[in-house]
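Shown next as structure tokens:
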């Protein structure tokens, strides 16, 4: 399949790098400033080299990638909160041209679910977004196999940085600021970790899951998620929990009554008590009990793999 | 879809019970002695009631179910070692009639993989067997999504009873015989637990996974799996492991060089160190890192759900 890639950060670059291995051809790639397009396939290696050295992916204007020739558009630009722009317009453009869209960006399905589904209904193209929920973990595919109707509750640790910080605070008895600085030194945390530690990233995941589970009966946006982050948790609370055989995790939960992200006490033996930069998603079903999927905090290659698997699914009859 | 069910034990009965909820009609059901068939749908409740009270599912001979009218045959008779009969003949009969087959029975894909695939190639029917690997856990679907070529290694705890016994031995410092008797009292273990504790059940799972991963390049049967069970593990070995921050689990492993089931030392913090009657499967991929899927020891309803999800997949275009 011929793919166009919007976004040349860690995820977009990894998609470009791995595309050939999954049998796909990259015909366009853009970052915020520039683009390269070639209907016969761009020279990925040269483009990524140039990105590294000069900070641009080509000589064309960024917009030319959207209008290029491809079967599927990969949306991997940075997440924005609110109207999910410009990602939403990228999705719209591709679907209106009857092209498929695969999302790496959580914004459109977390904040404009109905609008995207409406565009998809009018298009010969399809939209896929497995990578936006748990990265490489098979979450949406499992929900789709079980049937969303049969999934009664989803809980999970959706953000690996928040989990890394809470695990370290618990294990070492260290304070929040100290562990955060350590995470930044290790490259686990961005310079601005707000998005992760305030629960915004987990809330976006919850919103997507709520939309998928209710099958558009009701639309969820990030504003419908009750969010509480981990910055205010005192070390003493973690010590108290530990004495009681429990621990604190930033848990996202989607049930019939409520969509919520908050620090919660869980038993140390619970499947939700993963440690380090890990994530876990628990699916509770009517008849199939609980299934857990866990993964390591996803790197660019891992998210790219989830995206390319989605592209491959589109090719299937 | 109209389904015929062979086997009216815990799994077969659960499939019958839940079929309607997944939009399917049961047109035949058989145990080893009897059958009921009705092209318009049998009265499931009455049949299961009769099975409970009289030990039979109907007045017809057992074989009449195989010849009945259905779109998909569910094979849920007890596993046999060796030529996987009579399950293999059931699969053959259905595929030769161009019907689909969904397996609850591990035998055919663990022991006669190529024969089954050859029959499928000649048939308009398809074969599905997600329930035979980890029950309700999405393992085969994830391997298929990732592409078997991209999965470099699979390891896991495939048998929940063996894991229950090892966990209890470790946690309580009790001996094998003591914990086994306890498991039998709790109904977690069968009267004859040989199949589970000697590693045979896990070996069947390994053989299926090896066949799926090599995509028929080479055929695996249970004879190709190196198997060592848990009966000979002394309590002292578990204590020694514990002092070292490790624990012992019955691990199945499928890698390029080897297919093996054996007690192995794993770190207490490892994702493979699940405790109690749980199972876990670790998929190691070239680019997507490690993904783990865990589940509780599967009940009849859980395995039935996996089977019915497979049936539903068959309906999709």
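Chains as they are written, first to last, in the working numbering: chain R, 1 to 317; chain S, 318 to 634. Here a beta-carbon is modelled for each residue, glycine too, at the ideal position from N, C-alpha and C.
- As the crow flies, the alpha-carbon of residue 71 of chain R is around 21 Å from that of residue 61 of chain R.
- Residue contact check for residue 152 of chain R against chain S: no CB pair falls below 8 Å.
- Judged by DSSP in its simplified three-state form, residue 532 of chain S adopts coil rather than helix or strand.
- At a cut-off of 4 residues, the continuous stretches assigned as alpha helix (DSSP H) that sit fully inside the stretch 72 to 118 of chain R are 87 to 96, 107 to 111.
- About 6 Å separates the CB atoms of residue 134 of chain R and residue 279 of chain R; that is less than 8 Å, so the two are in contact.
- For the stretch 259 to 293 of chain R, the set of residues with a beta-carbon nearer than 9 Å to any beta-carbon of chain S comprises 269, 271, 274, 275, 276, 278, 280, 285, 286, 287, 288, 289, 290, 291, 292, 293, in chain order.
- Here DSSP, grouped into helix, strand and coil, assigns residue 579 of chain S to strand.
- Under a criterion of Cβ atoms nearer than 9 Å, no residue of chain R is adjacent to residue 477 of chain S; the nearest Cβ is some 12 Å distant.
- Judged by their CB atoms, residue 344 of chain S and residue 356 of chain S are nearer to each other than the 8 Å cut-off.
- In terms of Cβ geometry, residue 24 of chain R and residue 209 of chain R do not form a close pair [threshold 8 Å].
- Any Cβ of chain R closer than 8 Å to the Cβ of residue 417 of chain S would place that residue at the interface, and such an atom is absent.
- When secondary structure is reduced to three states using DSSP, residue 341 of chain S falls in the coil class, being assigned neither helix nor strand.
- Under the DSSP assignment, residue 613 of chain S falls in the beta strand (DSSP E) whose first and last residues are 607 to 613.
- Its Cα nearest to that of residue 43 of chain R, the residue R:29 stands out among R:55, R:90, R:29.
- The Cβ atoms of residue 606 of chain S and residue 271 of chain R lie no closer than 8 Å to each other.
- Per DSSP, residue 12 of chain R is one residue of the alpha helix (DSSP H) stretching across 10 to 19.
- Within chain R, the C-beta atoms nearer than 8 Å to that of residue 619 of chain S come from 287, 288, 289, in chain order.
- Restricting attention to R:152, R:235, R:20, the CA atom closest to the CA of residue 248 of chain R is found in R:235.
- For residue 285 of chain R, the uninterrupted beta strand (DSSP E) segment begins and ends at 278 to 285.
- Here residue 122 of chain R is exposed, its C-beta having fewer than 16 other C-beta atoms within 10 Å.
- In the structure shown, the three-state DSSP call for residue 320 of chain S is strand.
- Listed along chain R, the residues sitting closer than 7 Å to residue 626 of chain S by beta-carbon distance are 145, 146.
- Close partners of residue 295 of chain R in chain S (Cβ separation under 8 Å): 606, 607, 608, 609.
- Distance between residue 449 of chain S and residue 462 of chain S, taken at the CA atoms: about 18 Å.
- Ranked by Cα distance from residue 572 of chain S, the first of S:392, S:495, S:537 is S:537.
- Judged by DSSP secondary structure, residue 565 of chain S falls within the beta strand (DSSP E) whose first and last residues are 563 to 571.
- DSSP places residue 300 of chain R in the helix class (H, G or I) of the three-state scheme.
- Relative to residue 497 of chain S, the option among S:490, S:431, S:510, S:559 whose CA is nearest is S:510.
- In the DSSP assignment, residue 221 of chain R falls outside any beta strand (DSSP E) and carries neither an H nor an E.
- Rounded to the nearest whole angstrom, the C-alpha separation of residue 427 of chain S and residue 400 of chain S is 10 Å.
- Under a criterion of Cβ atoms nearer than 8 Å, no residue of chain R is adjacent to residue 448 of chain S; the nearest Cβ is some 10 Å distant.
- Taking 8 Å as the cut-off, the beta carbon of residue 327 of chain S is found closer than this to the beta carbon of residue 617 of chain S.
- The Cβ of residue 395 of chain S sits no closer than 8 Å to any Cβ of chain R.
- In this structure, DSSP gives residue 208 of chain R a helical state, which the three-state scheme calls helix.
- With at least 16 other beta carbons inside 10 angstroms of its own, residue 204 of chain R counts as buried.
- When the beta-carbon positions are compared, residue 85 of chain R and residue 105 of chain R stay at least 8 Å from each other.
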